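Under our numbering, the sequence shown is numbered contiguously, ending at residue 372.
Where is the CB? At the ideal position from N, CA and C, for every residue including glycine.
Computed from a predicted model, the values in this text were never measured in an experiment.
Read through the structure below, which is laid out as structure tokens, and then see the notes.
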Amino acid sequence: MDFISNLANGFMSLFQAGGETFMGWVTGIIPMIVCLMTAVNSIIKIIGEERVERVTKLATKFIITRYTIVPIMAVLFLGNPMCYTFGRFVEEKHKPAYYDSCVSFLHPVTGLFPHANPGELFVYMGIAAGVQQLGLPIGNLGVRYFIVGIIVILIRGILTEKIYMRMISKGDTK
Numbered sequence: 199m200d201f202i203s204n205l206a207n208g209f210m211s212l213f214q215a216g217g218e219t220f221m222g223w224v225t226g227i228i229p230m231i232v233c234l235m236t237a238v239n240s241i242i243k244i245i246g247e248e249r250v251e252r253v254t255k256l257a258t259k260f261i262i263t264r265y266t267i268v269p270i271m272a273v274l275f276l277g278n279p280m281c282y283t284f285g286r287f288v289e290e291k292h293k294p295a296y297y298d299s300c301v302s303f304l305h306p307v308t309g310l311f312p313h314a315n316p317g318e319l320f321v322y323m324g325i326a327a328g329v330q331q332l333g334l335p336i337g338n339l340g341v342r343y344f345i346v347g348i349i350v351i352l353i354r355g356i357l358t359e360k361i362y363m364r365m366i367s368k369g370d371t372k
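And the structure:
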């Protein structure tokens with residue numbers, strides 16, 4: 199009897215935890231994202247969509263800036279998950295690679311700019327705790343993560359773009 203009762207209680211606890219997480223989103227991250235989206239869209243409207251598009255198109259004209267500068271700025275200024283919205287300024291054929299660059303930069307940026315992706319902070323802090331136990335400074339770790347992150351997003355952006363273009367040329371996507 200106790201086994202079935204404990205099983206039922208455990209099952210219901212799972213849904214209670216899910217409900218608490220959902221309520222945390224409703225009262226925390228969702229209003230923040232709505233406010234951030236409103237602010238960013240307002241700034242874009244004030245500056246002018248044409249100007250923002252012109253500058254972004256200039257930045258995305260070259261493969262190096264397309265997969266470094268634009269994703270870095272998006273991640274630093276907008277954070278996760280809003281950084282993906284900068285993809286609206288990227289040509290359609292470059293969007294998969296832009297997304298890959300953004301998503302790949304969300305962890306390495308955490309050491310220097312935790313606001314960009316607070317969900318990954320626990321991973322960085324775990325690694326940082328190990329580094330501190332070795333008596334090493336964690337500032338260097340954050341800088342190294344950042345630099346390696348830039349290199350990785352450039353490589354991933356270029357590779358994803360090449361793979362996507364090859365798939366398109368063969369007609370593998372619709």
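Query, Result
"Cα-Cα separation between R252 and I353, rounded to whole angstroms", "25 angstroms"
"Closer than 6 angstroms: V232 CB and nearest the ligand ADP heavy atom", "Only the bare structure without any ligand can be found here, which leaves the ligand ADP out of the picture."
"Exposure label - C281; buried when at least 16 CB within 10 Å", "buried"
"Beta-carbon contacts of H305 that lie in its chain and below 6 angstroms, excluding the five residues immediately before and after", "E318"
"Reduced DSSP category for M199 - H, G, I as helix; E, B as strand; rest coil", "coil"
"Residue interval of the alpha helix (DSSP H) (run including P316)", "Note, P316: premise wrong, no alpha helix (DSSP H); not H, not E."
"Candidates K368, P316, V273: closest to Y296 by CA position", "V273"
"Continuous alpha helix (DSSP H) assignments of at least 4 residues falling wholly in the stretch 239-303", "247-258, 261-264, 267-276, 293-303"
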